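Data first, discussion second: the structure below is written as structure tokens.
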Amino acid sequence: MHLTREEERTLNGEDGETLQKAIEILVALGDIYGADKLIPIKSAQIAGVSYKTIGDAGLEWISDLNGKVKVPAVLNPAGMDMLRWEEMGVDAEFAKKQHEIVAAYEKLGIQTKCTCTPYYLDGFDVKYGDHLAWSESSAVSYSNSVLGARTNREGGPSALSAALVGKTANFGYHLDEMREPVIAVDVDCELTGSDYGALGYLAGKTIGSRVPIFYMQSKPSKDELKSLGAALAASGAVALYHVEGVSPDAVKLNYERPDETLSVGKEDILEVYEKTAMIGDEIRDTDIVTVGCPHCSPDEMQKIAAMLHGKTLQKEMWVCTSREVADRHPELVNTIEKSGAKVVCDTCMVVSPAANNFQCMMVNSGKALSYVPSMCKVSAKYGSIEKCIEEAGVLDEN
Ligand code: F3S
Numbered sequence: 000m001h002l003t004r005e006e007e008r009t010l011n012g013e014d015g016e017t018l019q020k021a022i023e024i025l026v027a028l029g030d031i032y033g034a035d036k037l038i039p040i041k042s043a044q045i046a047g048v049s050y051k052t053i054g055d056a057g058l059e060w061i062s063d064l065n066g067k068v069k070v071p072a073v074l075n076p077a078g079m080d081m082l083r084w085e086e087m088g089v090d091a092e093f094a095k096k097q098h099e100i101v102a103a104y105e106k107l108g109i110q111t112k113c114t115c116t117p118y119y120l121d122g123f124d125v126k127y128g129d130h131l132a133w134s135e136s137s138a139v140s141y142s143n144s145v146l147g148a149r150t151n152r153e154g155g156p157s158a159l160s161a162a163l164v165g166k167t168a169n170f171g172y173h174l175d176e177m178r179e180p181v182i183a184v185d186v187d188c189e190l191t192g193s194d195y196g197a198l199g200y201l202a203g204k205t206i207g208s209r210v211p212i213f214y215m216q217s218k219p220s221k222d223e224l225k226s227l228g229a230a231l232a233a234s235g236a237v238a239l240y241h242v243e244g245v246s247p248d249a250v251k252l253n254y255e256r257p258d259e260t261l262s263v264g265k266e267d268i269l270e271v272y273e274k275t276a277m278i279g280d281e282i283r284d285t286d287i288v289t290v291g292c293p294h295c296s297p298d299e300m301q302k303i304a305a306m307l308h309g310k311t312l313q314k315e316m317w318v319c320t321s322r323e324v325a326d327r328h329p330e331l332v333n334t335i336e337k338s339g340a341k342v343v344c345d346t347c348m349v350v351s352p353a354a355n356n357f358q359c360m361m362v363n364s365g366k367a368l369s370y371v372p373s374m375c376k377v378s379a380k381y382g383s384i385e386k387c388i389e390e391a392g393v394l395d396e397n
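Mapped onto numbering that gives the first Met the number 0, the consecutive letters of the sequence shown carry residue numbers 0 to 397.
Shown next, in the form of structure tokens:
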């Protein structure tokens, strides 16, 4: 791999130990995957934030680092709402460690907005062709597929290293040839809303880590593409997908149809709605409903607020979003919370230990359906946003 003189100096430790460690990680990855050089990135999004997932070893590693990031960098969701963790049922010891982790990242100049949808934040706008080092799988999928940017599915340490150096190794989805579709997915029915998450949940299992191109009858919105990509990345390991006539690379580059085809019909989609991903043999009643995986967009918050307006819920319901989106729309937060639902910021139903306190969760996200049983040991059911609200038990107008 070719390094500039300045990069060589950093690798030799002349810019300090933290930067040396960081560039060593980037060069090692570049060597493994055949990169020719390091390339500048526009921003970084860093996973490895929840104390539930990184524990004391992760906290110690981050705390030992010094210096400042060279590009705008932001964190993935933490294990709790950083302000309202007690209301979520998170214990004080966990909260203390979580605050220490976020503070350690902040010392490095990283913005402590904890979200998997950084593309809604001020200062993290993404343009077609931008090179990024993002790590949360749905954010990677959205930036590559819906925004036409270029990022690999970075691990926490490699995204942090890229943020500190301001560069990443030039391989994988940064290169044109790695972005071409290799499997066609024919969707033989009209889809709407959570059908896209169901499609991703199904198709990801067959596609694995390959790049698919979807041929669809309906034209998905950006929020629908967000849930498709999140589910594809969770049930498979898809970091980039195309939709014929819709996604930017497919429109600009007019890809040839790949030879291999996967067909999905209405019955396949309906099966996802009927399935309960169970923990143990016992069918459990839903005791929590969560939406906002990935974190809600302003439009989704608006839609949920309109549906909850004047209602009172009987069961626990979390609406997960970023603090910045919630802060921009206090009137929507107010309407949602008047119903008894909680607007949960900085975290989500998968990475917070508070989710483990429940028995069965209804979700409208194919990604959450994949991860809630394995990561929270909680049974999961799938439903549209309307069905989720109904399942939360709507009482008379409040
Ligand atoms: Fe985001 Fe958590 Fe889902 S990180 S994509 S809300 S699992």
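Cβ coordinates follow ideal geometry from the N, Cα and C atoms, glycine included. Nothing here was measured: the structure is a model prediction, and the numbers come from that model.
| Item | Value |
| --- | --- |
| For VAL89 and MET81, believed in contact at Cβ under 8 Å, the rounded distance | The pair is not a contact, with the Cβ atoms about 10 Å apart (cut-off 8 Å). |
| GLU299 beta carbon near the ligand F3S (any heavy atom closer than 7 Å) | no |
| Coarse secondary structure for ASP185, derived from DSSP in three states | strand |
| Closer than 7 Å: GLY365 CB and nearest the ligand F3S heavy atom | no |
| DSSP beta-bridge partners of GLN44 | VAL73 and TRP133 |
| C-alpha distance - LEU18 paired with SER373, whole-angstrom precision | 36 Å |
| ALA39, enclosing beta strand (DSSP E) - first and last residue | This sequence places Pro at residue 39; Ala is not what is there. Unbroken beta strand (DSSP E) run through PRO39: 37-39. |
| Per-residue DSSP class, three states only, for SER220 | coil |
| Under the three-state DSSP convention, the category CYS115 falls into | coil |
| Between the CA atoms of THR3 and ASP326 - distance to the nearest angstrom | 43 Å |
| Heavy atom of the ligand F3S within 7 Å of ASN75 beta-carbon | yes |
| Own chain residues within Cβ distance below 7 Å of CYS387, not counting five before or after | VAL288, VAL290, MET361 and ASN363 |
| Range of the contiguous alpha helix (DSSP H) that encloses SER369 | 365-370 |
| Where HIS294 falls: helix, strand or coil (DSSP) | coil |
| Distance cut-off 7 Å: PRO293 Cβ against heavy atoms of the ligand F3S | yes |
| Span of the alpha helix (DSSP H), counted from its first residue to its last, around PHE93 | 91-106 |
| Stretch pair the stretch 376-395 + the stretch 309-317: three plus CB contacts closer than 8 Å | yes |
| Whole-Å CB distance - LEU28 paired with VAL164, under 8 Å assumed | Going by Cβ atoms, the distance from LEU28 to VAL164 rounds to 12 Å, so no, they are not a contact pair. |
| TYR370 beta carbon near the ligand F3S (any heavy atom closer than 7 Å) | yes |
| Three-state class that DSSP yields for HIS241 in the structure shown | strand |
| Same chain, Cβ closer than 7 Å to ASP35, neighbours up to 5 away in sequence not counted | MET0, HIS1 and ASN169 |
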